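Visitor:
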Amino acid sequence: MARSREAGTFGAQWRWLSWVLMAIIAVAVLVVAAAGDEGPKSDGERVSELAATIRCPQCRGQSVAESNVTIAREIRADIRTRVAAGETDDEIRQVYIDRFGRSVVLTPDATGFTGLVWIVPVVAAGLAFAAVSLAFQRWRAEAAEILEATDEDRDLVARLRAERGST
Numbered sequence: 002m003a004r005s006r007e008a009g010t011f012g013a014q015w016r017w018l019s020w021v022l023m024a025i026i027a028v029a030v031l032v033v034a035a036a037g038d039e040g041p042k043s044d045g046e047r048v049s050e051l052a053a054t055i056r057c058p059q060c061r062g063q064s065v066a067e068s069n070v071t072i073a074r075e076i077r078a079d080i081r082t083r084v085a086a087g088e089t090d091d092e093i094r095q096v097y098i099d100r101f102g103r104s105v106v107l108t109p110d111a112t113g114f115t116g117l118v119w120i121v122p123v124v125a126a127g128l129a130f131a132a133v134s135l136a137f138q139r140w141r142a143e144a145a146e147i148l149e150a151t152d153e154d155r156d157l158v159a160r161l162r163a164e165r166g167s168t
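To convert a position in the sequence shown, counted from 1, into the numbering used here, add 1.
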């Protein structure tokens, strides 16, 4: 019985340690993601990033940065002019949304219904991970309970061995 208590204590310590390690990893990932910001971008970097997020109105599936048709070159020049004039990235995107419609932006909003596209898979994966973890924990506890020998079991085994030896 003392042996099973020791195993239970070890299992509880291991579970606690695994949760602490997962929390440390989660915090480390968040810190690295937050530290990924390199500070203010140059005008050229802003123009490139904006052009990569705006769909070419004439091409199929290409951004303005990838396309070399006339309208794409004109939009890149317009973006460059707007960046130099001090407009924000959101203001520049809004100009093209107003002109060509919401579908011109290649990156979906992270708000409203569209935000669910980003949030639901993460939440679903977290719930699935939690469900599998709980299932394994329950199965492990059931297996330990089945494998745990009681005094009654030991007596039965000893009696059967004695009977077998006497016959």
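Yeah, the Cβ is synthetic: ideal placement off N, Cα and C, and Gly gets one too.
Source: prediction; values computed, not measured.
Between which residues of its own chain and Ala85 is the CB-CB distance below 7 Å, once the five residues before and five after are set aside?
Guide: Residues of the same chain with a CB within less than 7 Å of the CB of Ala85, apart from the 5 flanking positions on each side, are Asp44 in chain order.
Visitor: In chain order, what residues of the same chain have a beta carbon less than 6 Å from the beta carbon of Leu22, not counting five sequence neighbours either side?
Guide: none
Visitor: Please classify Ala65: does DSSP put it in a helix, a strand, or coil?
Guide: The sequence given here has Val at residue 65, not Ala. In the structure shown, Val65 sits in coil (DSSP, three-state: anything other than H, G, I, E or B).
Visitor: Can you round the beta-carbon distance between Ser64 and Thr54 to whole angstroms, since I take them to be within the 8 Å contact cut?
Guide: 7 Å
Visitor: At a cut of 8 Å, does the stretch 90-99 reach the stretch 45-52 through at least three beta carbon pairs?
Guide: Yes: at least three Cβ pairs fall under 8 Å.
Visitor: Which of helix, strand or coil does DSSP assign to Val106?
Guide: strand
Visitor: Would you list the residues sitting across from Ile80 in a DSSP beta bridge?
Guide: The partner list for Ile80 (beta bridge, DSSP) is empty, contrary to what the question assumes.
Visitor: Apart from the five residues on each side of it in sequence, which residues of its chain come closer than 8 Å, Cβ to Cβ, to Phe130?
Guide: none
Visitor: Are the CB atoms of Leu107 and Arg56 nearer to each other than 7 Å?
Guide: Note that the C-beta distance between Leu107 and Arg56 is below 7 Å.
Visitor: DSSP puts Arg16 in a beta bridge; with which residues?
Guide: The partner list for Arg16 (beta bridge, DSSP) is empty, contrary to what the question assumes.
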